[in-house]
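Residue numbers (UniProt numbering): 1 to 368.
We put the CB at the ideal spot given by N, CA and C, even for glycine.
Please read the structure below before turning to the comments.
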Ligand SMILES: Cc1cc2nc3c(=O)[nH]c(=O)nc-3n(C[C@H](O)[C@H](O)[C@H](O)COP(=O)(O)O)c2cc1C
């Protein structure tokens with residue numbers, strides 16, 4: 001089956017940090033508690049979501065003062081759901097690959113093969129300093145992450161695994177039991193910089209990037225896939241989007257405006273300073289937030305830029321457009337998570353599937 005014939009996949013950001021997914025004082029009927037998140041996960045798996053992504057934070061960034069730890073929270077959600085896959089985020093530095101591989105293999109058994117991992121390379125120097133972790137410069141963080149991913153894959157798939165890396169060493173290590181998922185637990189990564197893309201084109205199963213226009217996302221995808229092909233590797237692409245779906249476009253735009261008007265200005269500026277340092281510190285200056293405006297940063301992964309803001313029909317059409325440039329997954333955030341995830345499942349998803357079916361008829365007719 002070609003990529004175009006597969007249905008696009010949906011994931012949502014788990015609000016396991018306080019303050020929701022926007023840095024704004026607007027009312028949000030979203031909560032970071034475990035109880036709320038269990039209800040949300042159960043609602044999401046009934047409304048067409050295949051993945052949930054938890055976040056890893058050790059200290060407050062962008063006003064997110066409280067943060068539940070990602071791996072244990074992911075496990076908690078898996079225990080209360082039936083088919084949702086939960087992606088736990090891990091930072092090389094605080095985590096070592098042997099521990100991560102063991103911990104995730106066990107969760108894979110406990111959850112019937114539903115854990116995945118997002119290896120994040122880090123953007124927040126203040127956080128690393130606060131917990132006494134080294135802060136290698138930007139591209140070195142990716143050298144370390146790539147070794148981390150190679151170690152995970154090696155430990156999960158081989159017996160007597162050895163690695164003589166710059167950051168990690170293994171000697172004849174055999175993990176037992178291996179994970180349930182074959183060939184191994186799915187590995188996601190985040191970032192947009194040259195180093196992030198190159199790592200994706202060599203080792204990751206999935207590349208997550210910040211929100212952007214279809215044109216800009218296409219440039220990244222073409223670049224990554226061309227390199228991946230040369231490396232005999234294949235990588236799927238997930239794009240962040242903050243979805244504001246309302247019955248009319250005016251209502252949706254009014255919500256966007258209110259989020260921006262009520263932005264927590266101090267927290268957005270502090271976040272902007274930290275991200276500028278993270279983005280600018282890559283050699284080519286093309287990091288995740290290198291071109292973000294104040295308004296973009298109110299959603300902390302540029303989710304407004306993807307423009308899934310409007311009526312269900314407009315949003316469905318834009319999702320299918322993203323699919324046509326090579327996107328495999330939409331990673332979504334919402335203002336009032338539970339109620340909007342339900343609205344998504346009832347009003348948007350059926351339209352997306354309809355449009356995809358129409359496209360498939362066209363593809364089939366062309367190849368007949
Ligand atoms: C979808 C997505 C999710 C991410 N989740 C986290 C996270 O939970 N914790 C974290 O510290 N960084 C997270 N990151 C940050 C990235 O791993 C990376 O450090 C950052 O995007 C800088 O990338 P750059 O190489 O483009 O500068 C995430 C990034 C993306 C795109």
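Does residue i pass the burial test, meaning 16 or more other C-beta atoms within 10 Å, or should it be called exposed?
i	result
residue 362	exposed
residue 82	exposed
residue 137	exposed
residue 215	exposed
residue 131	exposed
residue 109	exposed
residue 142	buried
residue 97	buried
residue 29	exposed
residue 147	buried
residue 139	buried
residue 369	The question about residue 369 has no answer, for the chain in this structure spans 1 to 368.
residue 112	exposed
residue 294	exposed
residue 231	exposed
residue 55	buried
From what residue to what residue does the beta strand (DSSP E) around residue i run?
i	result
residue 85	85-90
residue 311	No beta strand (DSSP E) contains residue 311, which DSSP labels as neither H nor E.
residue 300	Note, residue 300: premise wrong, no beta strand (DSSP E); not H, not E.
residue 331	329-333
residue 117	115-119
residue 62	Where residue 62 is concerned, there is no enclosing beta strand (DSSP E), given that its DSSP letter is neither H nor E.
residue 190	187-190
I think residue i touches residue j, with their Cβ atoms under 8 Å apart; what is that distance to the nearest whole Å?
i	j	result
residue 70	residue 44	Actually they do not touch by this definition, with Cβ atoms about 17 Å apart.
residue 189	residue 118	7 Å
residue 277	residue 125	6 Å
residue 16	residue 67	7 Å
residue 335	residue 22	7 Å
residue 304	residue 242	6 Å
residue 153	residue 184	6 Å
residue 115	residue 72	Actually they are not in contact, since the Cβ atoms of residue 115 and residue 72 sit about 12 Å apart, beyond 8 Å.
residue 233	residue 194	The Cβ separation is near 17 Å, so there is no contact.
residue 236	residue 205	7 Å
residue 262	residue 24	5 Å
residue 40	residue 315	With a Cβ gap of about 20 Å, residue 40 and residue 315 do not count as contacting.
Looking at ligand 1, does it come within less than 8 Å of residue i, judged from the CB to the closest heavy atom?
i	result
residue 30	no
residue 138	yes
residue 331	yes
residue 209	yes
residue 299	no
residue 53	yes
residue 127	yes
residue 271	no
residue 57	yes
residue 71	no
residue 142	yes
residue 63	no
residue 49	no
residue 334	no
residue 123	yes
residue 250	no
residue 117	no
residue 201	no
residue 35	no
residue 74	no
residue 383	With the chain running from 1 to 368 in the structure shown, residue 383 is simply not present.
residue 20	no
residue 288	yes
Would you give the residue range spanned by the alpha helix (DSSP H) that residue i belongs to?
i	result
residue 72	70-79
residue 261	249-261
residue 201	194-202
residue 43	34-46
residue 171	It is not in any alpha helix (DSSP H) - residue 171 instead sits in the beta strand (DSSP E) that spans 169-173.
residue 222	214-230
residue 149	138-157
residue 363	349-367
residue 369	Residue 369 falls outside the range modelled here, since the chain spans only 1 to 368, and no answer is possible.
residue 338	337-343
Please work out which residues of its chain come closer than 7 Å, Cβ to Cβ, to residue i, disregarding the five sequence neighbours upstream and downstream, and give them in chain order.
i	result
residue 223	197
residue 323	8
residue 199	142, 145, 146 and 189
residue 321	214
Excluding sequence positions up to five away, which residues of its chain have a Cβ less than 6 Å from the Cβ of residue i?
i	result
residue 240	210, 211, 301, 303 and 331
residue 170	161, 162 and 163
residue 356	7
residue 122	91 and 141
residue 299	22 and 242
residue 49	10 and 12
residue 347	312
residue 173	161
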